[in-house]
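Worksheet: one structure, shown below.
Protein chains in written order, with my numbering: chain E, 1 to 357; chain R, 1001 to 1196.
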C-alpha cells in the first residue's frame, strides 16, 4: 500500500472505524515510513485541536432582542398587509369594482370633452378681451369708463330730444359694477320692449351701443361662465346695428319731401328709423323686404338717384340691381338671393345718405 | 462531541399551537447550538447573533408547517445552515471578508482581535501553544471552502453523526466520510501554512 492510500485512511484510523486487519497493515506501513508517521502526528494534532474547540456562550439579551425583532416583523407584516390588502381580495369583488371605476372614468371623460370645446372657445375669447386688461391696466379701465360716458354724452346730443327722457335711465351716471348692472337691466328691458312694441330706434341703438361697450367691459371685469355667454349675445346685436350693412346715397332735390317719403317707406316695410341726423339716416328693415325697399327707394322720384355701396362684408350681402342705382359689388355673388348677415337677427341695417343735386 | 438537549415532542406541538412559552423553551434549549454553528461558519460574534435570531424568527414563523416533530433538530439545523450560506454569500458580496481579511486574527469571545505572531524559527508545537487554539482553528476554518467548513463544524465541533449529516446535506454516508477526510486534511495544511 502506498503512502497516499495510507494517508486517506487517517480519518478512519483516528475514528477507529477500520477493521483490525486493515489497521494492522496501516500500522506496519507507518512504522516503516517516517513521512507518513509525521503526517499522522500532524493530522492527530489538528483533530485534537478541533475537538478542544469549546462552544461560545450566547450573548446576553439574546432572547429579549429576539422577541423585539419578532414584534417588529409582526408590525411590518401588518403594515405591508394593509398596504397590499387589495391584492388579497377575490377576483369576484375586484373585477366589478374595477369595471365600475372604469365606467366612471369614461363618463367623466365624456362629460369633460363635451363641455370643453365651447368652454375653451369662450375662454379663448375672454382671454383675448381680458388679457390686455389685466390688473396692471386698471387705470386704463377707469379711463375707458370715462370715455364711454363721454360717448354717451355725444350720443345724447345726436339723439332726438324727445327721446332723451327714455334713455336717461341708461345714461344715468353710475359707478363701478352698479352702473354695469343697471345697463344690463335696461338692456333686457329694452329687448323685451322691442319684441312687444316698436321702440324708438335711436334710443335702442344708442343704448345698444353703450351696452355693447359696457357689456364688453363687464365681460372683461367679470368673465363668469354664465354671464359671459349672455354678454357675448348682448355684444353681438349692437355691433351689427352700429355697423350698417348697406349704404345708399340718395341724390335729392327736395330734402323735406325726401325725408318724408323715406319715413313713409320705412313704415311701409315695417322697418325702423334707428338714427335720424341731418342728412344721415340709419334704417333697420326686415331682411325679406329689403330688396323691395331698395327698389322703392330707387324710384322715390325722378330726380332721386341712389348710390349703393356694399358694406364691409360683401360676400354675405347681395342686393339686386335696380334702375338708377349705382352699385358696387364685391365678388361674384351679386346674383345670389338676398341673404344678409342680419338674417340671424331678421333685419338689415341700411345707412342712407342724402345729398343735394 | 457536544449535543444539545433534545426538545420534547410535546414542546414542539405546543409551539406549533402558538404557545409562546414553548417557543421560549425551544430557543433556550437550542440557542447555543444555533449560535455556535453560526459563529463557526461566519467567524463574527455579532453576525452570528443576528443570524441566530433570524433563524429563530424563521422557526417562529414556520414551525406550524413542520409535519414531523421528531425531526425538529434536523429541521432547525437545516434552517441554520441555509441562513449561514445566504449570509456568507451576502458578506462576501459586500467584501466583508476583504476588509476583515481572512489572514487577520479572528474576533474572539471577548471582542479582542489579536494578530498571531509567527516566528518561523519556532517549532510548530511551540507555536500552537503560543496561540490561542480556538482562534487558530477558527481562522483555518474560515479559509476552507464553505461546504468543507460545514462538514467540520457539524462533525468535529457539533458532533453530528454521519447519518445525520447525510440527511442534512442530502449525501451518502460514504461521500460524507471522504469529503470530511479531505476537509480535515485541507485544514491541517492550512494550519501548517499559517504556522510557518
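Positions of the beta carbon are idealized from the N, C-alpha and C atoms, including for glycine.
- Around residue 1152 (chain R), the same chain offers 1183 as residues with beta carbons nearer than 6 Å, after the five sequence neighbours per side are excluded.
- 52, 53, 54, 55, 56, 57, 58, 59, 62, 63, 65, 66, 69, 70 and 73: these are the residues of the segment 52-79 of chain E whose beta carbon lies less than 8 Å from some beta carbon of chain R, given in chain order.
- Exposed is the label assigned to residue 31 (chain E), since fewer than 16 other Cβ atoms lie within 10 Å of its Cβ.
- Residue contact check for residue 1072 (chain R) against chain E: no CB pair falls below 8 Å.
- Per DSSP, residue 1085 (chain R) lies in no beta strand (DSSP E); the unbroken alpha helix (DSSP H) holding it starts and ends at 1072-1093.
- Straight-line spacing of the CA atoms in residue 1168 (chain R) and residue 40 (chain E) works out to 30 Å.
- The continuous alpha helix (DSSP H) containing residue 25 (chain E) extends over residues 20-32.
- About 7 Å separates the Cβ atoms of residue 269 (chain E) and residue 292 (chain E), confirming a contact at the 8 Å cut-off.
- With distances taken between CA atoms, residue 1037 (chain R) lies nearest to R:1055 out of R:1011, R:1067 and R:1055.
- Around the beta carbon of residue 1162 (chain R), a 10 Å sphere encloses 16 or more other beta carbons of the protein chains shown; the residue is thus reported as buried.
- Annotation for residue 1025 (chain R): 1011 place their beta carbon closer than 6 Å to its own, counting only its chain and skipping 5 residues before and after.
- In this structure, residue 1139 (chain R) lies near residue 1194 (chain R), with their beta-carbon atoms less than 8 Å apart.
- Of all residues in the segment 23-56 of chain E, only 42, 43, 45, 46, 47, 49, 50, 51, 52, 53, 54, 55 and 56 come within less than 8 Å of chain R when Cβ atoms are compared, listed by chain position.
- Exclusion of the five residues before and after residue 256 (chain E) leaves no residue of its chain whose Cβ lies closer than 8 Å to its Cβ.
- Put simply, the segment 1046-1066 of chain R touches the segment 1020-1034 of chain R. At least three CB pairs are less than 8 Å apart.
- Under the 10 Å beta carbon count, residue 1176 (chain R) is surrounded by 16 or more other beta carbons and is classified as buried.
- Contact of residue 1191 (chain R) with chain E by beta-carbon distance below 7 Å involves 46.
- Distances from the CA of residue 1007 (chain R) to each of R:1044, R:1071, R:1179 and R:1035 were compared; the closest alpha carbon is that of R:1071.
- A distance of 8 Å or more separates the beta carbons of residue 284 (chain E) and residue 296 (chain E).
- A residue is called buried when at least 16 other Cβ atoms come within 10 angstroms of its Cβ; residue 109 (chain E) does not meet this threshold and is exposed.
- Beta-carbon to beta-carbon, residue 59 (chain E) and residue 1179 (chain R) are separated by about 32 Å, too far to satisfy the 8 Å threshold.
- Put simply, of E:112, E:66, E:261 and E:47 the residue whose alpha carbon is nearest the alpha carbon of residue 12 (chain E) is E:47.
- Bounds of the beta strand (DSSP E) holding residue 247 (chain E) are 246-252.
- The closest CA to that of residue 1189 (chain R), considering only R:1144, R:1079 and R:1019, is found on R:1144.
- Close to residue 1090 (chain R), with beta-carbon spacing below 7 Å, lies no residue of chain E; the smallest spacing is near 18 Å.
- Non-local C-beta neighbours of residue 263 (chain E) in its own chain, meaning closer than 8 Å and more than five positions away in sequence, comprise 273, ordered along the chain.
- With fewer than 16 other beta carbons inside 10 angstroms of its own, residue 21 (chain E) counts as exposed.
- With contacts defined as CB atoms closer than 8 Å, residue 353 (chain E) and residue 287 (chain E) fail to qualify as a contacting pair.
- Here residue 102 (chain E) is exposed. Its C-beta has fewer than 16 other C-beta atoms within 10 Å.
- Residue 1168 (chain R): member of the alpha helix (DSSP H) spanning 1162-1169, first to last residue.
- Within chain E, 66, 69, 70 and 73 have C-beta atoms less than 8 Å from the C-beta of residue 1057 (chain R), given in sequence order.
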